[in-house]
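Chains as they are written, first to last, in the working numbering: chain A, 225 to 577; chain B, 225 to 577. The beta carbon of each residue, even a glycine, is placed where N, CA and C say it ideally should be. Each remark here refers to the structure printed beneath this line.
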């Protein structure tokens, strides 16, 4: 199984994306021929040569030309910028590294893509170029975060800004599958992010979704409030894309701010620089989301891994590792089965949109 | 000017609410006769007697009976529970400490109320019993938080779950007045919490509001994303009640979680218990929202201060101090003036709702 890497996606591309591919190989997670480097041919060839690595050119017409031990390169001469409008990028950049990465999945040459580029563009390409999983109305982005009691998954963090109730229902099912398969949680506790604990709280969307969830075979725990998100109350937290996006980014900003405060107060309390450095880097490792390698866009055929724009080589290598694991675990197939089992709930309640 | 205290509101009532009143007096912020204790008469009398304090009974019929140096008590024999439905509490508990606190404002015997009780019930009572400020369509809850570059204000954190664009516009104006008057910021930078930095991003509500803000006399900075909230980019952050509520509670939960992580890693790095205790309590003081004493419900005649349900005496005393300051600063009058100055924007865009 091959993983396509959008080498030009992200703030530090292609240096960090290519270094991430190399790191994934050095860690023994994948062979070079399993990572399809999508981007500017010569630049990638030169970079690999400098590192003493082999490369082969890959084309959709002659895919059998890749030799063992060498990185296949799929030439792509356009770049989707971080601030490109997603739909325009899709229409006006048919030769972008992102687009050709998705094409390699669509044509069956790769099972997964990893990109640290423009998230909106990744979602637009996925929705347009990949098939939806049977029964899933809208894909959602699932991100895994380390909390007080281990990892938990938040879905959706920004693919779907104005979702319908059935979309959130599917996010609960998909998140539950991910938690079960990828994190080994037996009966993942699913919670709906809301502004009060009691049933009947929240906006119209939240109120409607509570009823739908109660009919599923999920281990639905009802509402979860903001202060509980990090405290290990649920394994899967379902929310609309707008709120999930704020949640994810706020967590990042607040962690940064708090660690500044910690640093200042430790210095005042006379803790030595060496001790502080040791403690802070240990703390940072535990709150750094790139440890989990990125977010997964669930609900389409193929594994789509979205990394933070600021990703460094370690984050990219972790994302490649995640993409490989998600492919092997066949999460997409398991989601389809679970959606089918609960299909009456989704179809009875609302006309297809 | 008298401040009504809902002595039975909150998880630790009335012990901590009464202690908070006492603390505010001990700190010299107010005289006892300026704090109207609303709650069970005998219980409060006994409590005050044990502390060696004087009390007088207060009634709407004979308000002149309060003697200097003694706490006036307004008898209230019902309690609004934390999980009471707001509208039902309003209808079925006419003798609650919360209701009679609001009645004392409505009848002109107090200028402010402080409550650590059921937030939804506080909002419902305020909206029903107090007049709206002229031109303001819906009140919003403003909370002040300490960030990387000093205090900033988030409005709304839960009064208005499904707001219209004009409501958010008014939140921006009210938050800006608060920032200017209470925190001395000259031209408060106002940002709209959104999921992208560029104009035109976000859900329908966010898109419509961006246009409205550009027509105001505010120092509008456009969109602000989650990761920037704590980093000092804006003095006022405008958002819908659902998102603001999640933001506020998430910040609380994440801070708790991160400080646990910090504690564990400092112990591993060999930092002594004493040093750690010193540093952690200094850190906690800087991230503890009760330092600012509570949130203000802006948009009604009279000062309404809402405290966290878990408030201790220090938080209550700070809230009483905040209520006094807000009353003296005449924030309500200044909001009315500012709303009037921008009234064409609000009235042209949307019919009164």
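State buried or exposed for residue i, treating a residue as buried only when at least 16 other CB atoms are found within 10 Å of its CB.
{"i": "residue 544 of chain A", "result": "buried"}
{"i": "residue 529 of chain A", "result": "buried"}
{"i": "residue 288 of chain A", "result": "exposed"}
{"i": "residue 270 of chain A", "result": "exposed"}
{"i": "residue 305 of chain B", "result": "exposed"}
{"i": "residue 311 of chain B", "result": "exposed"}
{"i": "residue 476 of chain B", "result": "buried"}
{"i": "residue 235 of chain B", "result": "exposed"}
{"i": "residue 577 of chain B", "result": "For residue 577 of chain B, the predicted structure reports a pLDDT of 45, less than 50, and the residue's modelled location is therefore unreliable. A value from the coordinates is still provided. With fewer than 16 Cβ atoms within 10 Å of its Cβ, residue 577 of chain B is classed as exposed."}
{"i": "residue 452 of chain B", "result": "buried"}
{"i": "residue 316 of chain B", "result": "exposed"}
{"i": "residue 534 of chain B", "result": "exposed"}
{"i": "residue 552 of chain B", "result": "exposed"}
{"i": "residue 575 of chain A", "result": "Summary for residue 575 of chain A: the model assigns pLDDT 47, below 50, so the residue's position carries little reliability, and this model does not support an answer."}
{"i": "residue 411 of chain A", "result": "exposed"}
{"i": "residue 276 of chain A", "result": "exposed"}
Relative to the C-alpha of residue i, which residue among the options is closest?
{"i": "residue 233 of chain B", "options": "B/566, B/303, B/488 and B/280", "result": "B/303"}
{"i": "residue 194 of chain A", "options": "A/526, A/281, A/272 and A/356", "result": "Because chain A in this structure spans residues 225 to 577, residue 194 of chain A falls outside the shown range and cannot be described."}
{"i": "residue 260 of chain A", "options": "A/527, A/279 and A/251", "result": "A/279"}
{"i": "residue 237 of chain A", "options": "A/539, A/566, A/401 and A/473", "result": "A/539"}
{"i": "residue 263 of chain A", "options": "A/319, A/294 and A/313", "result": "A/319"}
{"i": "residue 646 of chain A", "options": "A/368, A/327 and A/354", "result": "Absent from the model: residue 646 of chain A. The displayed extent of chain A is 225 to 577, so no value can be given."}
{"i": "residue 397 of chain A", "options": "A/230, A/555 and A/229", "result": "A/555"}
{"i": "residue 355 of chain B", "options": "B/541, B/372 and B/335", "result": "B/335"}
{"i": "residue 425 of chain B", "options": "A/507, A/386, A/380 and A/485", "result": "A/386"}
{"i": "residue 510 of chain A", "options": "A/327, A/454 and A/450", "result": "A/454"}
{"i": "residue 373 of chain B", "options": "A/294, A/485 and A/366", "result": "A/485"}
{"i": "residue 255 of chain B", "options": "B/240, B/504, B/292 and B/332", "result": "B/292"}
{"i": "residue 325 of chain A", "options": "A/412, A/441, A/300 and A/395", "result": "A/300"}
{"i": "residue 226 of chain B", "options": "B/257, B/308 and B/564", "result": "B/257"}
{"i": "residue 249 of chain B", "options": "B/481, B/567 and B/537", "result": "B/537"}
{"i": "residue 421 of chain B", "options": "B/401, B/450 and B/351", "result": "B/450"}
{"i": "residue 547 of chain B", "options": "B/459, B/337 and B/277", "result": "B/337"}
{"i": "residue 418 of chain B", "options": "A/231, A/473, A/512 and A/542", "result": "A/473"}
{"i": "residue 296 of chain B", "options": "B/381, B/506 and B/265", "result": "B/265"}
{"i": "residue 364 of chain B", "options": "B/379, B/375 and B/401", "result": "B/379"}
{"i": "residue 416 of chain A", "options": "A/460, A/505 and A/565", "result": "A/460"}
{"i": "residue 401 of chain B", "options": "B/462, B/242 and B/251", "result": "B/462"}
{"i": "residue 458 of chain A", "options": "A/274, A/487 and A/377", "result": "A/377"}
Hey, could you find the ends of the beta strand (DSSP E) residue i is sitting in?
{"i": "residue 337 of chain A", "result": "336-339"}
{"i": "residue 294 of chain A", "result": "294-299"}
{"i": "residue 416 of chain A", "result": "413-417"}
{"i": "residue 520 of chain A", "result": "519-522"}
{"i": "residue 378 of chain B", "result": "374-379"}
{"i": "residue 246 of chain B", "result": "Unbroken run through residue 246 of chain B is the alpha helix (DSSP H), 239-250; no beta strand (DSSP E)."}
{"i": "residue 228 of chain B", "result": "227-230"}
Identify the continuous alpha helix (DSSP H) that holds residue i and give its terminal residues.
{"i": "residue 429 of chain A", "result": "428-438"}
{"i": "residue 328 of chain B", "result": "321-330"}
{"i": "residue 403 of chain B", "result": "389-407"}
{"i": "residue 470 of chain B", "result": "465-492"}
{"i": "residue 310 of chain B", "result": "310-316"}
{"i": "residue 278 of chain B", "result": "Looking at the DSSP string, residue 278 of chain B is not in any alpha helix (DSSP H); the run it does join, the beta strand (DSSP E), is 278-282."}
{"i": "residue 270 of chain B", "result": "265-274"}
{"i": "residue 443 of chain A", "result": "That residue, residue 443 of chain A, is in no alpha helix (DSSP H); its beta strand (DSSP E) goes 443-448."}
{"i": "residue 543 of chain B", "result": "537-553"}
{"i": "residue 498 of chain B", "result": "497-511"}
Our contact map puts residue i next to residue j with C-beta atoms below 8 Å; I'd like the distance itself, whole angstroms only.
{"i": "residue 340 of chain A", "j": "residue 322 of chain A", "result": "With a Cβ gap of about 10 Å, residue 340 of chain A and residue 322 of chain A do not count as contacting."}
{"i": "residue 282 of chain A", "j": "residue 290 of chain A", "result": "6 Å"}
{"i": "residue 518 of chain A", "j": "residue 531 of chain A", "result": "4 Å"}
{"i": "residue 329 of chain B", "j": "residue 468 of chain B", "result": "Not really, about 25 Å apart at Cβ, beyond 8 Å."}
{"i": "residue 478 of chain A", "j": "residue 314 of chain B", "result": "About 35 Å separates the two Cβ atoms, so there is no contact after all."}
{"i": "residue 569 of chain A", "j": "residue 393 of chain A", "result": "7 Å"}
{"i": "residue 508 of chain B", "j": "residue 483 of chain B", "result": "7 Å"}
{"i": "residue 370 of chain A", "j": "residue 353 of chain A", "result": "Actually they do not touch by this definition, with Cβ atoms about 32 Å apart."}
{"i": "residue 399 of chain A", "j": "residue 366 of chain A", "result": "6 Å"}
{"i": "residue 252 of chain B", "j": "residue 541 of chain B", "result": "Not confirmed; about 11 Å, so no contact."}
Could you tell me whether any non-hydrogen atom of the ligand PLP is closer than 7 Å to the CB of residue i?
{"i": "residue 303 of chain A", "result": "Among the ligands in the structure shown, none appear at all, so the ligand PLP cannot be discussed."}
Three-pair Cβ contact test at 8 Å for the segment 491-501 of chain B versus the segment 439-449 of chain B: In short, these stretches do not touch, since the Cβ pair count stays below three.
Meets three-Cβ-pair contact criterion under 8 Å: the segment 344-362 of chain A and the segment 560-570 of chain A: With the cut-off at 8 Å, the segment 344-362 of chain A and the segment 560-570 of chain A touch.
The segment 492-512 of chain B contacting the segment 386-395 of chain B, beta-carbon criterion three pairs below 8 Å: Contact fails: fewer than three Cβ-Cβ distances are below 8 Å.
At least three beta-carbon pairs within less than 8 Å, the segment 423-438 of chain B to the segment 406-413 of chain B: As far as the Cβ criterion goes, the segment 423-438 of chain B does not touch the segment 406-413 of chain B, which means the pair count is below three.
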